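K.L.:
First the structure, which I've put down as structure tokens, then a few questions once you've had a look.
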Amino acid sequence: MQTENHAHTIDRISLPRRLVPRRPSNAVSKVLTAIAFTPPSRFFVGDIVRFQDVEGWTHIITILGTRPCGFVDAMTYDGRAHYIGITLEEISALRVIRVERMDQEDVDMYRRQLGLAPEDIELTAN
Numbered sequence: 010m011q012t013e014n015h016a017h018t019i020d021r022i023s024l025p026r027r028l029v030p031r032r033p034s035n036a037v038s039k040v041l042t043a044i045a046f047t048p049p050s051r052f053f054v055g056d057i058v059r060f061q062d063v064e065g066w067t068h069i070i071t072i073l074g075t076r077p078c079g080f081v082d083a084m085t086y087d088g089r090a091h092y093i094g095i096t097l098e099e100i101s102a103l104r105v106i107r108v109e110r111m112d113q114e115d116v117d118m119y120r121r122q123l124g125l126a127p128e129d130i131e132l133t134a135n
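Numbering of the sequence shown is given in the numbering used here, commencing with residue 10 and proceeding in unit increments.
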């Protein structure tokens with residue numbers, strides 16, 4: 010009787026015992042549950058969002074406040090603060106590299122510089 014060499018297949022018996030799963034994994038169901046769950050807002054007032062564009066350039070926007078219907082008061086800074094009106098959907102679609110936090114005093118300072126009165130914006134608590 011001729012035997013064939015099946016070196017490319019791994020038999021369960023040849024695996025070390027710790028590599029053989031003893032019970033079915035629930036990792037797939039956990040991932041599917043996490044995807045189906047609607048997460049809370051990903052961005053908050055005071056978030057400094059660093060993102061990359063299609064050409065590889067890195068840009069930074071800072072969220073200064075939220076408005077109804079998902080609109081966000083944001084700014085970019087190049088030595089001077091510049092106002093950006095953007096939606097949370099647009100921010101979520103960015104290729105975000107990192108999110109950092111700015112304290113409330115700095116957020117208030119930049120809002121004053123841009124002429125955004127505190128009553129003009131609806132702050133989102135963390």
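Just so you know, even glycine gets a beta-carbon here, dropped at the ideal spot from N, CA and C. Given the structure is predicted, the values throughout are model-derived calculations rather than measurements.
#1: Hey, out of LYS39, ALA45, GLY79, whose CA is closest to GLU99's CA?
#2: Taking the CB atoms as reference points, tell me whether MET118 and GLY55 lie closer together than 9 Å.
#3: Locate the alpha helix (DSSP H) running through ASP115, then write down its first and last residues.
#4: Going by DSSP, what residue range makes up the alpha helix (DSSP H) through LEU41?
#5: Going by DSSP, name the residue or residues bridged to ASP56.
#6: Going by C-alpha distance, which of LEU97, PHE53, PRO77, LEU103 is nearest THR67?
P.N.:
Reading it off the structure:
#1: Position 90 of the sequence shown, counting from 1, holds the residue named residue 99. Checking every option, the nearest Cα to that of GLU99 belongs to GLY79.
#2: The sequence position of residue 118 within the sequence shown is 109, counting from 1. The sequence position of residue 55 within the sequence shown is 46, counting from 1. No, they are not a contact pair.
#3: If you number the sequence shown from 1, residue 115 lands on position 106. Element bounds for ASP115: 113-122.
#4: Position 32 of the sequence shown holds residue 41. Start and end: 36-45.
#5: What you label residue 56 is simply residue 47 of the sequence shown in a count that begins at 1. Residue pairing of ASP56 in beta bridges, as defined by DSSP: ARG110.
#6: What you label residue 67 is simply residue 58 of the sequence shown in a count that begins at 1. Check the Cα spacing between THR67 and each of LEU97, PHE53, PRO77, LEU103: the tightest is with LEU103.
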